[in-house]
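Residue numbers (this note's numbering): 52 to 216. Just so it is clear, CB atoms sit at the ideal spot from N, CA and C, and this is done for glycine as well. Below you'll find the structure, written out as structure tokens, and then a few comments.
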């Protein structure tokens, strides 16, 4: 993903979790973006309409622009940012089952882990390593406890069946 992540981006939640969130919102045009479960690096734009969740594949091209995967024969439209894409699909009659109306925002911050740098320095004495480890442990934040996600715009109402039987 690019530097700025929209508030409607929920990361790697499952399709079922997505359907539950949109179902609790229970408004036509409610939408969120999540990571694809089947295609690594792709995302999904999920839109709620009449108790059904429509999912559109959201891809980033090699030049960094975003597009929704289209059916054969339809011209792809590219957007510089995800926010530009969302603004476009908030307009009626742009090819979605329902235009985007109600963003389902994540309540908790997404935790992005920095990549670890491999140690390439020569081996140090045990005393030097323990001082370094002690210093590094002071710089790193404490681990985040596992807790149930609390999402904004999702009332504590009963579960709403999103897909038809």
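* **Identity of the residue in 148, 158, 156, 157 nearest residue 99 by Cα** => Within the chain shown, the letter at position 48 stands for residue 99. Per the Cα distances, 148.
* To do: For residue 86, write down the residues that DSSP places opposite it in a beta bridge.
  => Counting from 1 along the chain shown, the entry for residue 86 is found at position 35. The partner list for residue 86 (beta bridge, DSSP) reads 94.
* To do: May I ask which residues mark the beginning and end of the alpha helix (DSSP H) holding residue 120?
  => Within the chain shown, numbered from 1, the residue matching residue 120 stands at position 69. First-last for residue 120: undefined, no H or E at that position.
* Asked: For residue 153 versus residue 81, is the C-beta distance shorter than 8 Å?
  -> Residue numbering aside, residue 153 sits at position 102 when the chain shown is read from its first letter. Residue numbering aside, residue 81 sits at position 30 when the chain shown is read from its first letter. Yes, the Cβ-Cβ distance between residue 153 and residue 81 is below 8 Å.
* To do: Work out the CA separation of residue 135 and residue 141 for me, nearest whole Å.
  => Walking along the chain shown from the start, residue 141 turns up at place 90. Walking along the chain shown from the start, residue 135 turns up at place 84. Cα to Cα, residue 141 sits roughly 10 Å from residue 135.
* Of the choices 144, 96, 75, whose alpha-carbon is the least far from that of residue 234? -> Lying outside 52 to 216, the shown extent of the chain, residue 234 is not represented and no answer is given.
* When DSSP labels each residue in this structure, what does residue 147 get in the three-state scheme? -> Taking the first residue of the chain shown as position 1, residue 147 is located at position 96. Correct three-state label for residue 147: coil.
* **Assumed close pair residue 264, residue 104 - CB separation to whole angstroms, cut-off 8 Å** => Because the chain is modelled from 52 through 216, residue 264 falls outside the range shown and cannot be assessed.
* **Beta bridge counterpart(s) of residue 106 as assigned by DSSP** => Within the chain shown, numbered from 1, the residue matching residue 106 stands at position 55. Note: residue 106 sits in a beta bridge opposite 97.
* To do: Output the distance between the C-alpha atoms of residue 119 and residue 102, rounded to the nearest integer angstrom.
  => For this step, residue 119 is matched to residue 68 along the chain shown. For this step, residue 102 is matched to residue 51 along the chain shown. Those two C-alpha atoms are separated by around 22 Å.
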